[in-house]
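Residue numbers (my numbering), protein chains in the order written: chain A, 53 to 353; chain B, 2 to 93; chain C, 231 to 626; chain D, 4 to 188. All residues carry an ideal CB built from backbone N, CA and C; glycine is no exception.
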Amino acid sequence: MNIYEKLAMQEEMISPGISACVGCNVELTIRTVMRVLGPNTILAIPPGCMGGVGVVGWDKKSGSKTPVFFPLLDNVASMLAGIKLYYEHIGQKVNVVAFAGDGASADAGLQCLSGAAERGDKILYICYDNEGYMNTGYQRSGTTTKGAWTSTTPVSRQGCGGKKQDKKDFPMIMAMHDIPYMATCNPAFIKDMVDKVEKAMAVEDGLAFLYVYNPCLTGWGIQSDKSIESARAAVDSNFAPLYEVIDGTFKLNYQPKEIIPVKNFVSYCKKFSHLNDLEIENLQQQTDSKWHRLQMLCEMG
Amino acid sequence: MKYISDYIVPIGPEGLYIIDTGKWRTRRPEMDIVKCKKCGTCFLYCPVHAVKRHEDKSYTIDYTYCKGCGICANECRFDSIEMIPEEGDSDA
Amino acid sequence: MPEIKVQNGNMAAATGAALCRPDVIAAYPITPQTPVVEYLTQFKADGEIESTMSEVESELSAMSVVTGASLAGSRTFTATASQGLALMYEPYFRASTLRLPIVMAVVNREMISPQTLWGGPQDALCVRDAGWIQIYVEDNQEILDTIILAFRLAEDKGVLLPVNVCYDGFYLSHMSERVEVPDQASVDAFLPHYVPEHIKLDPIRPMSVDPLTNGYLLTEYRLRHTQGHQRALKLIDELDAEFANQFGRSYGGLVEEYCNTDSDAVLVTMGSMTGVAREAVDLARARGRKIGLLKLRAVRPFPGARVVKAIAGRKAFGVVDRSVSFGWGTGITFQEIRSAMYGEGSNIPAVPMIGGLGGEDVTIEHMMLAIDCIYKAVESGLSNETVWLNKEIDIM
Amino acid sequence: MKEIRLHGIGGMGTVKAGEILVHETVKEGKYGNSMPFFGFERQGAPVTSFVRLDDKPIRPKNKVYQPDCVIVLDPSLLVSANVFEGLNDNSIFVVNSRIENLEAIKISDRVARIAYVDATGIAMELLNRAIPNTIMLGAFARATGWAERKSLEEVIVKFFGEKNREAFRRGYDEVKVIELGEGQL
Numbered sequence: 053m054n055i056y057e058k059l060a061m062q063e064e065m066i067s068p069g070i071s072a073c074v075g076c077n078v079e080l081t082i083r084t085v086m087r088v089l090g091p092n093t094i095l096a097i098p099p100g101c102m103g104g105v106g107v108v109g110w111d112k113k114s115g116s117k118t119p120v121f122f123p124l125l126d127n128v129a130s131m132l133a134g135i136k137l138y139y140e141h142i143g144q145k146v147n148v149v150a151f152a153g154d155g156a157s158a159d160a161g162l163q164c165l166s167g168a169a170e171r172g173d174k175i176l177y178i179c180y181d182n183e184g185y186m187n188t189g190y191q192r193s194g195t196t197t198k199g200a201w202t203s204t205t206p207v208s209r210q211g212c213g214g215k216k217q218d219k220k221d222f223p224m225i226m227a228m229h230d231i232p233y234m235a236t237c238n239p240a241f242i243k244d245m246v247d248k249v250e251k252a253m254a255v256e257d258g259l260a261f262l263y264v265y266n267p268c269l270t271g272w273g274i275q276s277d278k279s280i281e282s283a284r285a286a287v288d289s290n291f292a293p294l295y296e297v298i299d300g301t302f303k304l305n306y307q308p309k310e311i312i313p314v315k316n317f318v319s320y321c322k323k324f325s326h327l328n329d330l331e332i333e334n335l336q337q338q339t340d341s342k343w344h345r346l347q348m349l350c351e352m353g
Numbered sequence: 002m003k004y005i006s007d008y009i010v011p012i013g014p015e016g017l018y019i020i021d022t023g024k025w026r027t028r029r030p031e032m033d034i035v036k037c038k039k040c041g042t043c044f045l046y047c048p049v050h051a052v053k054r055h056e057d058k059s060y061t062i063d064y065t066y067c068k069g070c071g072i073c074a075n076e077c078r079f080d081s082i083e084m085i086p087e088e089g090d091s092d093a
Numbered sequence: 231m232p233e234i235k236v237q238n239g240n241m242a243a244a245t246g247a248a249l250c251r252p253d254v255i256a257a258y259p260i261t262p263q264t265p266v267v268e269y270l271t272q273f274k275a276d277g278e279i280e281s282t283m284s285e286v287e288s289e290l291s292a293m294s295v296v297t298g299a300s301l302a303g304s305r306t307f308t309a310t311a312s313q314g315l316a317l318m319y320e321p322y323f324r325a326s327t328l329r330l331p332i333v334m335a336v337v338n339r340e341m342i343s344p345q346t347l348w349g350g351p352q353d354a355l356c357v358r359d360a361g362w363i364q365i366y367v368e369d370n371q372e373i374l375d376t377i378i379l380a381f382r383l384a385e386d387k388g389v390l391l392p393v394n395v396c397y398d399g400f401y402l403s404h405m406s407e408r409v410e411v412p413d414q415a416s417v418d419a420f421l422p423h424y425v426p427e428h429i430k431l432d433p434i435r436p437m438s439v440d441p442l443t444n445g446y447l448l449t450e451y452r453l454r455h456t457q458g459h460q461r462a463l464k465l466i467d468e469l470d471a472e473f474a475n476q477f478g479r480s481y482g483g484l485v486e487e488y489c490n491t492d493s494d495a496v497l498v499t500m501g502s503m504t505g506v507a508r509e510a511v512d513l514a515r516a517r518g519r520k521i522g523l524l525k526l527r528a529v530r531p532f533p534g535a536r537v538v539k540a541i542a543g544r545k546a547f548g549v550v551d552r553s554v555s556f557g558w559g560t561g562i563t564f565q566e567i568r569s570a571m572y573g574e575g576s577n578i579p580a581v582p583m584i585g586g587l588g589g590e591d592v593t594i595e596h597m598m599l600a601i602d603c604i605y606k607a608v609e610s611g612l613s614n615e616t617v618w619l620n621k622e623i624d625i626m
Numbered sequence: 004m005k006e007i008r009l010h011g012i013g014g015m016g017t018v019k020a021g022e023i024l025v026h027e028t029v030k031e032g033k034y035g036n037s038m039p040f041f042g043f044e045r046q047g048a049p050v051t052s053f054v055r056l057d058d059k060p061i062r063p064k065n066k067v068y069q070p071d072c073v074i075v076l077d078p079s080l081l082v083s084a085n086v087f088e089g090l091n092d093n094s095i096f097v098v099n100s101r102i103e104n105l106e107a108i109k110i111s112d113r114v115a116r117i118a119y120v121d122a123t124g125i126a127m128e129l130l131n132r133a134i135p136n137t138i139m140l141g142a143f144a145r146a147t148g149w150a151e152r153k154s155l156e157e158v159i160v161k162f163f164g165e166k167n168r169e170a171f172r173r174g175y176d177e178v179k180v181i182e183l184g185e186g187q188l
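Quick look at the structure:
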């Protein structure tokens with residue numbers, strides 16, 4: 053069955069009308085992964101964009117056909133671990149899944165996630181990285197790229213500023229927890245994403261982690277119709293490569309036919325518009341060195 | 002104040018909460034079925050899953066919740082989708 | 231058949247929890263609660279309990295794991311103290327507002343600063359308005375019994391609230407004494423299987439938990455929450471009687487009165503210091519003072535009516551608190567008791583006293599001084615400023 | 004009610020010795036409680052433990068201030084700790100010591116009976132470790148009569164194994180008891 057048939061067959065799990073920004077590729081991501089996960093799923097949506105747009109619902113109504121709840125920003129993995137422990141205790145199989153932003157995963161929620169990963173709690177944790185606290189109005193996070201404008205890393209009238217620190221390499225941090233499955237995804241690579249969700253669902257001996265790189269249209273200043281194109285550029289420039297780590301073995305899932313300059317990716321985003329050539333060159337160098345490191349890890353097998 | 006909830010806890014078991022996002026649309030994607038090669042790209046990338054796939058492998062756009070983002074038009078390799086400005090109040 | 235054992239307070243808590251057959255236990259060690267975690271993991275290793283254990287990386291996760299497990303429909307237990315409770319605050323508040331019948335032992339320990347390890351219920355009293363039921367106990371038998379009772383209370387369909395069983399760090403947690411351990415069958419008979427109906431994350435019956443909720447509806451949930459506490463107010467007394475009937479031990483329910491039927495003034499205490507207070511009351515009575523003792527057990531729900539009944543008509547009352555209500559300058563429960571007495575419409579002289587902070591011992595001398603202070607108020611007919619007992623004794 | 008204070012050093016089983024006394028009294032259908040003085044438990048640091056024994060339930064859950072008996076598990080504490088503090092009149096003083104150490108210090112006049120035994124020496128001989136607690140419990144049982152000998156021995160064996168039966172017995176048999184009314188040390 054090809055990806056089109058497969059997705060067409062699967063039931064939509066999320067409310068057809070949620071108030072994600074026009075063109076939001078996180079909306080695309082959650083709809084896609086939830087089709088694959090299906091009804092036998094308990095979904096955690098911590099504070100963040102997907103909670104804000106109504107996936108958990110309003111008053112007495114739900115935003116999902118599956119059980120769904122709001123964990124706290126900083127306890128997503130632990131609450132899920134508790135749910136999963138009980139279902140294991142009574143011998144019932146159910147997908148226990150987080151769909152959490154970078155704030156709830158890489159910043160405030162990192163301790164809980166790290167603990168669950170180390171203990172081998174059998175949950176599927178999906179982090180959508182839109183590089184900041186976008187639901188509260190585009191503040192910086194630990195995964196914001198260096199140089200990027202956010203509402204808390206402003207740019208001066210003279211055109212200087214942006215985030216001063218490097219982006220936290222979150223997928224690598226999770227891979228180094230030696231969890232059974234870690235993979236990076238991108239909304240421009242739907243088939244790859246679906247494959248990885250299926251692999252993650254099949255993991256039975258610990259925590260499975262999916263990292264999705266989701267350029268945020270509103271927060272980064274990207275035209276809505278370029279939502280997927282900009283996400284693809286992040287992969288094609290090796291800025292956000294697609295790879296997976298299965299039981300400690302690194303594997304590259306996509307090799308760009310022609311590697312595009314990071315400058316091309318950056319040019320989609322208004323948040324980088326103040327960067328000078330040197331700053332962009334620095335991003336390029338960093339991208340190259342991380343790509344080199346990833347290649348080495350993949351060559352190690 | 003008259004209290005009416007059947008529940009003692011904040012739960013939402015009463016069906017789906019649905020926002021009428023079709024009303025947001027300022028441009029609508031229109032598909033040229035002659036140009037369309039049924040590749041399914043629009044189907045994969047539509048963030049609201051408004052593109053429907055049919056038994057004959059053809060695709061159509063359901064405007065009920067389409068927000069008019071333009072991704073489908075931008076991604077289409079065969080130039081078969083065009084964004085057309087909505088006229089007046091969009092009530093499609 | 232029940233078994234007579236020698237247990238410290240932490241072992242009594244772990245034993246009580248084990249007898250309740252929790253499905254999921256998650257806890258993080260912190261002095262003086264640490265042995266509770268060790269005992270439970272040992273029970274599990276020895277196959278004495280079937281619970282699933284999670285050795286979490288923090289108290290935040292301890293409360294989060296049991297919250298998740300409870301949302302999935304399980305009976306859960308955890309324990310903490312002091313800074314651990316503070317770290318839990320976020321999911322702690324949520325556990326009660328989601329009406330999850332979690333039972334958590336709090337091994338009361340002072341809050342820092344300064345750095346301290348020792349006892350005092352400041353930790354739990356500070357979160358008394360976070361929606362949980364809080365019961366404070368006096369000895370190790372009461373710890374074990376109250377944990378069993380707490381599950382029954384928490385899971386009552388009219389209550390559905392999490393319960394803290396609070397006991398003094400070190401004074402009880404590390405003190406060994408005789409404890410009668412009930413047999414499993416009689417605990418099973420007292421505590422039926424937990425079946426959640428009000429909330430459950432289950433694909434068979436999908437629901438969303440905690441959708442965004444407007445203030446009107448939130449107000450309604452808060453009202454329902456207070457109704458749960460109202461129900462608990464009745465049930466704590468009723469369950470005490472039922473427990474006494476089955477196990478032969480009673481603790482008075484919400485409060486316990488000692489030598490209070492003919493008293494002309496009342497001393498109020500809470501927790502492990504009550505034992506010494508009993509000795510002091512006997513001694514004072516032998517010296518001709520008709521002092522009565524009121525032991526506060528439930529702080530939430532607050533047993534206003536029973537407190538009033540125990541104090542009304544007397545010439546004065548005094549409260550020895552092992553905590554500080556900053557800004558009031560008194561102990562915490564003093565304010566609660568005085569507030570309850572206002573409803574009585576009488577203006578009985580009241581003496582706030584603070585003793586035993588940071589694990590300082592509250593001795594018979596302190597309690598005799600407390601009684602003296604109350605009798606000064608009886609004579610003058612006036613309320614007092616806060617008496618800091620440990621400081622006064624030092625000066626003397 | 005009998006109140007007892009134990010002075011020891013971290014690693015000697017001071018707290019455990021207190022608990023053993025409670026186990027014995029509870030086994031006999033009576034009551035007792037014991038608690039350590041709460042500090043950081045560290046090998047080599049001074050440790051104090053408090054014990055109460057009674058025929059009826061014991062209400063105080065706090066430290067002992069006026070002990071009827073003091074047990075000192077290490078001779079060095081005779082100098083470094085105030086082992087006589089708060090002692091009741093006619094108290095019993097049970098100490099791990101040779102006579103020389105005792106002669107060097109001033110015994111409180113509230114002590115009516117002294118019981119001393121070289122528990123460290125016996126421990127080294129029997130257990131090859133300087134853990135004198137079970138030996139001192141033997142000495143305590145003999146000196147006070149507050150614990151039933153056979154019963155205490157069984158509790159000790161249950162907790163510490165067969166090896167300590169001999170230790171307990173040696174403590175019981177070898178302790179020297181002096182009534183201070185009868186003569187000078």
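Separation of residue j from residue i, as counted between CA atoms
i        : j        : result
A:PHE122 : C:HIS423 : 27 Å
C:ASN444 : A:ASP111 : 7 Å
A:ILE142 : B:GLY71  : 47 Å
A:SER157 : A:LEU137 : 20 Å
D:ILE235 : C:THR504 : Shown here, chain D extends from 4 to 188; a query on residue 235 of chain D therefore has no answer.
C:VAL529 : C:CYS396 : 10 Å
D:ILE134 : C:ASP591 : 30 Å
First through last residue of the alpha helix (DSSP H) which encompasses residue i
i        : result
D:GLY174 : 166 to 177
C:GLY458 : 445 to 477
Helix, strand or coil at residue i [DSSP, three-state]
i        : result
C:GLU410 : strand
D:PHE96  : strand
A:CYS179 : strand
C:TYR572 : helix
D:GLU22  : helix
A:TYR56  : helix
B:ALA93  : In this prediction, B:ALA93 scores a pLDDT of 44, lower than 50, which makes its location untrustworthy; the coordinate-derived value is nonetheless stated afterwards. It is coil, neither helix nor strand.
C:THR346 : coil
Boundaries of the beta strand (DSSP E) in which residue i is found, first to last residue
i        : result
D:GLY11  : 5 to 12
C:LEU524 : 521 to 526
C:THR306 : 306 to 310
D:ASN36  : 34 to 39
A:ASP288 : Not the beta strand (DSSP E): A:ASP288 falls in the alpha helix (DSSP H), residues 279 to 288.
B:TYR84  : According to the sequence provided, residue 84 of chain B is Met. The question's Tyr does not apply to it. Taken as a continuous stretch (DSSP letters only), the beta strand (DSSP E) holding B:MET84 covers 82 to 86.
Cβ distance (whole Å) where residue i is taken to contact residue j below 8 Å
i        : j        : result
A:ALA152 : A:GLY100 : 6 Å
C:LEU619 : C:MET583 : 6 Å
C:ALA542 : C:SER576 : 6 Å
B:CYS67  : B:VAL49  : 6 Å
Option nearest residue i by Cα separation, candidates the options
i        : options                                : result
C:ASP386 : C:ARG408, C:GLU427, C:ASP369           : C:GLU427
C:PHE420 : C:ASP470, C:LYS430, C:GLN460, C:LYS464 : C:ASP470
D:SER100 : D:LEU90, D:GLU88, D:ASN167, D:LEU81    : D:LEU81
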